[in-house]
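Report on the following structure.
Protein chains: 2
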Amino acid sequence: MPHRMVYFFGEGSADGRGEMKNILGGKGANLAEMTNLGIPVPAGFTISTEVCTYYMDNDRTFPDGLKEGVESAIARVEEAMGMKFGDPENPLLFSVRSGARVSMPGMMDTVLNIGLSETTVKGLIEKTGNDRFVYDSYRRLIQMYADVVMGLDSEEFNKLLDARKKNKGVWHDTELSTEDLADLAEKYKVKVYELSGKDFPDNPMEQLWGAIRAVFDSWDTPRAQSYRKMNDIPEDWGTAVNVQAMVFGNMGEKSATGVAFTRDPATGEKVFYGEYLPNAQGEDVVAGVRTPRPINIAQKKKGDEASLEELMPETYHELESIRQNLERHYTDTQDIEFTIQNGKLWMLQTRTGKRTAAAAVRIAVEMEMEGLIDRKTALLRVEPDQIAQLLHKRLDPKASYSPITKGLPASPGAAVGQVVFTAEDAVNWTEEGKQTVLVREETSPEDIDGMNAAEGFLTARGGMTSHAAVVARGMGKCCIAGAGNVEIDYASRTFKVGNTTVEEGDWITLDGTTGEVILGQIPTVDSELSDNFLTLMGWADEFRQLSVRTNADTPNDAVRARDFGAEGIGLCRTEHMFFGDGRIKFMRAMIMAADEDERREWLEKLLPFQREDFLGIFKAMAGLPVTIRLLDPPLHEFVPQTHLEVEELASELGKDPELLKARAASLHEMNPMLGHRGCRLGISYPEVYEMQARAIFEAACELAGSGVEVKPEVMIPLVGEPKELSILRALVERVATQVMTEKGELVDYLVGTMIEIPRAALVAGEIAEHADFFSFGTNDLTQMTYGYSRDDAGVFLKEYLNKGILRKDPFQSLDQRGVGSLIKEAFEKGRLSNEDLHVGICGEHGGDPMSIDFCHHAGLDYVSCSPYRVPVARLAAAQAVLRARMRGLL
Amino acid sequence: MPHRMVYFFGEGSADGRGEMKNILGGKGANLAEMTNLGIPVPAGFTISTEVCTYYMDNDRTFPDGLKEGVESAIARVEEAMGMKFGDPENPLLFSVRSGARVSMPGMMDTVLNIGLSETTVKGLIEKTGNDRFVYDSYRRLIQMYADVVMGLDSEEFNKLLDARKKNKGVWHDTELSTEDLADLAEKYKVKVYELSGKDFPDNPMEQLWGAIRAVFDSWDTPRAQSYRKMNDIPEDWGTAVNVQAMVFGNMGEKSATGVAFTRDPATGEKVFYGEYLPNAQGEDVVAGVRTPRPINIAQKKKGDEASLEELMPETYHELESIRQNLERHYTDTQDIEFTIQNGKLWMLQTRTGKRTAAAAVRIAVEMEMEGLIDRKTALLRVEPDQIAQLLHKRLDPKASYSPITKGLPASPGAAVGQVVFTAEDAVNWTEEGKQTVLVREETSPEDIDGMNAAEGFLTARGGMTSHAAVVARGMGKCCIAGAGNVEIDYASRTFKVGNTTVEEGDWITLDGTTGEVILGQIPTVDSELSDNFLTLMGWADEFRQLSVRTNADTPNDAVRARDFGAEGIGLCRTEHMFFGDGRIKFMRAMIMAADEDERREWLEKLLPFQREDFLGIFKAMAGLPVTIRLLDPPLHEFVPQTHLEVEELASELGKDPELLKARAASLHEMNPMLGHRGCRLGISYPEVYEMQARAIFEAACELAGSGVEVKPEVMIPLVGEPKELSILRALVERVATQVMTEKGELVDYLVGTMIEIPRAALVAGEIAEHADFFSFGTNDLTQMTYGYSRDDAGVFLKEYLNKGILRKDPFQSLDQRGVGSLIKEAFEKGRLSNEDLHVGICGEHGGDPMSIDFCHHAGLDYVSCSPYRVPVARLAAAQAVLRARMRGLL
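Respectively, the protein sequence lines represent chains A and B. According to our numbering, the stretch in the first sequence is residues 1 to 890, in order. According to our numbering, the stretch in the second sequence is residues 891 to 1780, in order.
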């Protein structure tokens, strides 16, 4: 064993330092750090992780000298605190906590009040004059000790407590009398003997060693082991033990306890923000039994009781100076806990303060301005995922409500509206001036008009990449998907959640950020892009290397995304376009056509619509590249589903309904995701892709003629075999040349493909010979690499995540080991065979920070994501660069 | 240019040799070879491929000296043949043919009769006394020359011919008179001038050079170019030109022409087998206008006219000795063409003779016995795919019939039976002693009893790996799948093909080897495993390194496969087992159960059945490994499909039908192939896998107790993430230990997984840590790697194959570039992390020779295929070794 096993801290100096996490654990290092900063921390000592390792390696025995080390540290603590451990008159109490390098569930948390015994209880009552508090502490110690040190069933003790409350006819622990508590402590001791055949140790030193041993033992519980296995934490790291003097904020009028933030965690404003309670314990502040008071005058509102600043001005100013000290030292907003014991201020904890998205942005930018941190650090301080919140309307943080159920938070924001169950109703009700929320089992492309009309969507099925979710994110609307408890009955126009029935027209509110569904109208607040936000985005752009594009199918989306900083369109899907008014009819007629000639007739009618689509998008994106994906979904998605609709269509087209039904049936597929779609359609019905190519180049030529810069990039979907691309590339080039010749204009354009089939990644070298660009379609690629249907996987994916089989939903965060290795392979093979190949990603992962980090390292040129994720992606892309630099990778 | 551009052959010696294919092309080398063997070949010369390359590189000009070379070669030919090119009295005629290193479609085939002109026509008539033949040759020369040399539209000449026939009121060319033909020749010449503005060259030398030039030009046609691109044939190989003297078998009574095989191509018997016609041209033998005569007495049947052996005994014996010479030289059965011109025998061609499967086996084995070839060569002489024919009943080769339609030849063999449209009818009719053929849109696992009863299956949808196809191959029954022209009307119990309506009870015959559907009962012949076959298989086993297992789900299949040489079961699917009588009810009840407890009750009832299954299979495979795949398909495949069935089940179980319907609906998936199946079920419902594991180990222990050697290998399907396997492996091990403790027996067993999800291949290293074996499930792996649904891809796969986008159906022959690269990656990563990993393949590809070759090279331990493919696999595995040795790879 190394010489030093026990590290004292207290009275302004510590044996350890903040960097010594390996030996002291996170908590111990932190306590040493604070002590060394001159912050008044209750004295204590840390037993090193190396002792834990020794203990494990030596049949759970302690190394020689540990006993002496601990005893001498206790003496130093006693001196520092002016109390004595086990002293009948002036007893010192200890808390004992575990503390590994990283915090770890499954390990022993805390045993408080170590040192209370039959004699010290009396001394403490004498000293504090608060017998209720002392007996409550005593019975808590016994229960906690029995549970975590002696391994007895906590439930047995709760039963005794419950019996007593029942007997007294009270509900809350706080309603029990001092006698009740003293009596309970005795009953607990009897129970300990009953259950274990051993007495609860009355000797403080015996209690302390029992607790220390329990901490070390807890390193090796099955739960802790399996956590380590899952998180690759080595067995031999071990845990440290922190033994610290307890202080009490409930020792009378000169005592108090409180929590505070060094800046406002809601707004980020640079004000000292906190609450306290005089003559109280820490848990009283949190428990809400007494109403906490504001910490300073600045925060006082009418009717508030005296602030700490008023009540104990000196202590407050000491606290305020500690606040500044901490911010300077940690260069970040701190969340602190303090206790004032008989007028003496003790800091119990400081940690990085959690904050809202708005606060995170403001704090980062202002701290940079203050010179506290540099620009890179400021960028790394904001969680990219968080800032999406800032772009959407959200529920008023001050509103209180209780949700009736929770689904997947599929698209952030808030929606308040009256329930409708069909897309048609959403359209009609909106035209009548109503606000609606569309509730469906799941949505389909046919619902697109209704989705445009509604405020938000709630679906009972489907996951984070279901149709509803994808469309919602594109539109920037709120969506809760896969709310499994929602049972919809279309016939009666109601849905049920448990016993609650919600009818058509009832108001509901959706919180797309949490997935909560709430009855009634909850107030919302609008988004606002603060100057700080824009500043931060500007900094991100200075650092990032990845381009950020957007997935946008309409001019509106394109404009919005451009406002958010999109540098082009990475994915413009053309299928939604065919569902619009006046189009779906032609589309269906085209699909139902008897032969190619008839198909061409109907395509002729669709051409002007499609040209208009592209005109709008090209204009909105003037000067920037626009990647247009040719028709992708299987044709049956456009086909009428019900007999009635088929008959309507038949009479419109003057065709035999039986013929149409037969055609519709022949388009049906067992596994449409693996079916006749994407470029497979382009091969079977080249006239469809010809029409689309013509529309693209007619629009491009028209704008080029009027001086607008257009940069079309034609993307062929679902390529798995190089010949598919070479054939369809030739088709696009032929049409492009034709149109440009007809119009007398020259437009530069690219032709490329999505890499979304595993085979495409495997033969990417050959595919790249025919491609100007690759765009990874990670939704489909994930689907096929895992063999998970996005439409169906919800059922077992949830289970897989719960059981820890998957750490993340691979449709949300790129699976780097599997899908990622295909991406790397495809990228490398592609670039090797075509060094000019431009490579991006346009799946949902293009907006996910971890996936963006991966894309940066993989060497991609750009990511493309839904408009509202563009700022997220800009920040994430910058962070990817900064993190790489920190790791010395760049 | 190299010195020699022209290679003469004739009179027993040639300038070239058989190995000079690169310079002489295949045909030229062959002619040189035959000449050098002392075989009487009409003299001629070959212009080398190097001249072609020069011609192409030099703006289609000929190198200096070519003219002289050709002229001197002509002189040698004239001398050899005793005739003169262009001579008015004794004219020599030439054929001109292309001949590259490999035969190549799109290139010029042949111009015959070069040298006929207005003067030589007269001389030839004089010489042969056969003016009709001469004029017919003349008009053919003009048409052929106009077409292939001058590039004129052949149709224009056919029109003239047709007009003449119409005018004369005759149907066949042969009915035209000499005058008609002479007149047509004149009209052709006028037409040539009309179409080209040029005269048909009357100068023989000009004709010859025109034809030579045309051969070279044909190297560069778009069709030839694209063929080369598709087959990776270099542009600079070029083609040779073969100019050869023509001989005529129609010069009178001492002339004749014929074709022969050195052994009987139908049976392989070592007899000289052939036909001839006196005073006839080669095409007369083939055209069937005159009935050919047997070549020798041995073949003469009652009523046959004199054989060649009788008519020209000396010539026959010369031919017979050439036959022996050729077999000795080529060490294989030859297919020869000969012409006797005025008593002189000329050999026109010899090539390897095509043969039936039975003949191939007999010839290979007998030639080895004769010492003509060694054992390795014998093994390489038989196409593995062919021998599958020998194992199945097949249509009597002597029967004649015309099919009404053709589908995919999904499982070989023949089936004759009365049409039924439901599995139930197949069962009932069979019980009444009838033979049935089951006709369905597609089959499903529910049809299993009916499939067992029927002789064969015809489906309108589905591909080579559809349910019907896979089950049929497993059962060794005949199946034609995806017969798209078959329109089934279940309601009226009829199907239609075009205008033909087939009713229930009508007899039809299926040829599973060709995919042909025939009306009525066609006679069939049984399979027989000849001694030669068994000898060949024994030789294969001497060489092969791959083990061959079988995919078998029943004891019957297992026994059959073992008879065919299977060395274990590589895939025993457990799902079919649940459809049996008395089981499906429990299975459904289990699926419909309200909770785990109820599920366990029903599983309890299934356990004895499942144990019986395994007892039977283990017994059949005593001493050999048996890989059992735990339940794989999505549960909804077992669920009743119609409302009526649901209600029946509900009343049986005493449950609310609405509840059952809701449960059935909740099991429905959009893309079941990517859904809740395989190990995902095992994770969600561990009790199901527990029951299966218990059944396996109870059966194994019972047999082990009675001295039967059992080697169970438990296979977890659809693993994509290592944790899935580690969890389920632990489950299997737990149950195994339990059962073995209960029974007091020890059974060695393995636990492994199928690699059938692309991700599994990508993270195979981690998966291998938990696996004793990998088995590549290439059906699913292909499905997901390509993103092709096996159930649906038929539609576009056919198109892809027709358009040459894919060369082979990847579900039939392993896609080596894509899927194969995943297999290699998985194999390498797997073995790296677990060097004892046993690796095989159990997809349909396990029975495909090319895929087996791949598996051998990839280093796999075994392939597993349906019972009837086991001999195919044994042979293919041996060939893989031999081919590798030949390439110096081993």
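Glycine included, every Cβ here is placed at the ideal spot set by N, Cα and C.
I believe residue i touches residue j by the beta-carbon criterion, under 8 angstroms. Please report the beta-carbon distance rounded to the nearest angstrom.
{"i": "A:I480", "j": "A:L510", "result": "5 angstroms"}
{"i": "A:M464", "j": "A:F811", "result": "6 angstroms"}
{"i": "B:G1460", "j": "B:T1517", "result": "5 angstroms"}
{"i": "A:F773", "j": "A:G752", "result": "3 angstroms"}
{"i": "A:R629", "j": "A:G840", "result": "Their Cβ separation, rounded to whole angstroms, is 13 angstroms, which puts A:R629 and A:G840 out of contact at 8 angstroms."}
{"i": "B:P1602", "j": "B:A1510", "result": "About 13 angstroms separates the two Cβ atoms, so there is no contact after all."}
Within 10 angstroms of the Cβ of residue i, are there 16 or more other Cβ atoms? Answer buried if so, exposed if not.
{"i": "A:D64", "result": "exposed"}
{"i": "A:Q879", "result": "buried"}
{"i": "A:E687", "result": "buried"}
{"i": "B:L1780", "result": "Any reading at B:L1780 must be qualified, since the residue scores a pLDDT of 48, below 50, and its modelled position is unreliable; the value itself is stated next. Exposed, by the Cβ-count rule."}
{"i": "B:R1062", "result": "Looking at the sequence provided, one finds His at residue 1062 of chain B rather than Arg. Under this definition B:H1062 is an exposed residue."}
{"i": "B:I1507", "result": "buried"}
{"i": "B:L852", "result": "Since the first residue shown for chain B is 891 and the last is 1780, residue 852 of chain B is missing from the structure and cannot be characterised."}
{"i": "B:P1739", "result": "buried"}
{"i": "B:K957", "result": "exposed"}
{"i": "A:V243", "result": "buried"}
{"i": "B:N948", "result": "exposed"}
{"i": "B:L1066", "result": "buried"}
{"i": "A:E33", "result": "buried"}
{"i": "B:G900", "result": "buried"}
Hey, quick one: how far does the alpha helix (DSSP H) through residue i stretch, first residue to last?
{"i": "B:M1259", "result": "A1247 to M1259"}
{"i": "B:L1772", "result": "V1760 to M1776"}
{"i": "B:M994", "result": "No alpha helix (DSSP H) contains B:M994, which DSSP labels as neither H nor E."}
{"i": "B:H1207", "result": "P1203 to Y1220"}
{"i": "A:M784", "result": "T778 to Y786"}
Is there a Cβ of chain D sitting closer than 8 angstroms to that of residue i, yes or no?
{"i": "B:N1561", "result": "In the structure shown, chain D cannot be found, because the protein chains are A and B."}
Please name the residue in the options whose C-alpha comes closest to that of residue i.
{"i": "A:I142", "options": "A:G115, A:V795, A:K166 and A:L728", "result": "A:G115"}
{"i": "B:V986", "options": "B:K1088, B:K1081, B:R1103 and B:R1519", "result": "B:R1103"}
{"i": "B:I1338", "options": "B:W1109, B:L1348 and B:A1362", "result": "B:A1362"}
{"i": "A:A410", "options": "A:W429, A:I233, A:D232 and A:G456", "result": "A:G456"}
{"i": "B:T1018", "options": "B:N1232, B:P1155, B:G1087 and B:M910", "result": "B:N1232"}
{"i": "A:E598", "options": "A:F827, A:G568, A:D581 and A:K655", "result": "A:K655"}
Give the range of the beta strand (DSSP E) segment to which residue i is assigned.
{"i": "B:W1397", "result": "W1397 to D1401"}
{"i": "A:D557", "result": "No beta strand (DSSP E) contains A:D557, which is instead part of the alpha helix (DSSP H) from P555 to D563."}
Residues in the segment 1707 to 1722 of chain B having any Cβ partner in chain A nearer than 8 angstroms: Flagged, chain order: R1707, G1708, V1709, S1711 and L1712.
What residues in the segment 848 to 873 of chain A have a beta carbon less than 9 angstroms from any beta carbon of chain B? Flagged: no residues at all.
Pull out every residue of the segment 1673 to 1685 of chain B whose Cβ sits closer than 9 angstroms to any Cβ of chain A, in chain order. Close to chain A, meaning a Cβ-Cβ distance shorter than 9 angstroms, are the following residues of the segment 1673 to 1685 of chain B: Q1673, M1674, T1675, Y1676, G1677, Y1678, S1679, R1680, D1681, D1682, A1683 and V1685.
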